[in-house]
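Going by numbering that gives the first Met the number 0, 62 is the number at position 63 of the sequence shown; the sequence numbering is gapless.
The beta-carbon is built from N, C-alpha and C at its ideal position, and this holds for glycine as well.
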Amino acid sequence: MAGHAKLLAVYSTPFWRAAGLSGSAVSQAGPLAEVHDASDAEGRQAALFGFVGVPAPWRRRMGRQALVDAALAQLARLFGPEALAPQAVHVQDWADEAETATHADAQPAAAHPAPVSTVLPAPWLDRVHLAGSEFAPDFPGYLEGAVLAAERAVQALQA
């Protein structure tokens, strides 16, 4: 996560649900690449959460407030004008965390991480099972990949 950032916009109500919208989106037109409804099931705590899809150097150049403004404008295009007036906005930019990110992490990646081999040399072969998302044959770096890698590790342990 070192080169990544997330944004959470908190609202008094999940207004997008009242409009028949899910609160989920994938976008290439704005700073948020992926958006999800982060509200509780009852809608008492309403929020939209998004993965920021622009590289760390770009985020630094534009500044936090410009990033927030652009994200809110994008949410308004996706879910309606109520998105422009959140109660609070929280940004977590791991590229700014000295204990998480290095200078190399802040550089734009060429592509999403490729799967990493889970074949280990002796004496670790069949004794250690790698089950993180980066070791998934499909969807590496995503939650889906973590589930697939965990299932594969469990199957190996049960064999």
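query                                                                                                                   : result
Reference residue 36, options 19, 133, 95, closest by Cα                                                                : 19
C-alpha distance - residue 31 paired with residue 134, whole-angstrom precision                                         : 26 Å
Residue range of the beta strand (DSSP E) that includes residue 49                                                      : 45-51
Span separating the alpha-carbon of residue 43 from that of residue 11                                                  : 8 Å
First through last residue of the alpha helix (DSSP H) which encompasses residue 154                                    : 142-157
Residue span of the beta strand (DSSP E) that contains residue 7, given as start and end                                : 4-10
Separation of residue 3 from residue 130, as counted between CA atoms                                                   : 22 Å
6 Å Cβ shell around residue 117 - same chain, five flanking residues per side excluded                                  : 129, 134
Nonlocal neighbours in the same chain, by C-beta distance under 7 Å from residue 14, ignoring five residues either side : 79, 81
Alpha carbon of residue 104 to alpha carbon of residue 156, nearest angstrom                                            : 34 Å
Residues sharing a beta bridge with residue 89, DSSP                                                                    : 7
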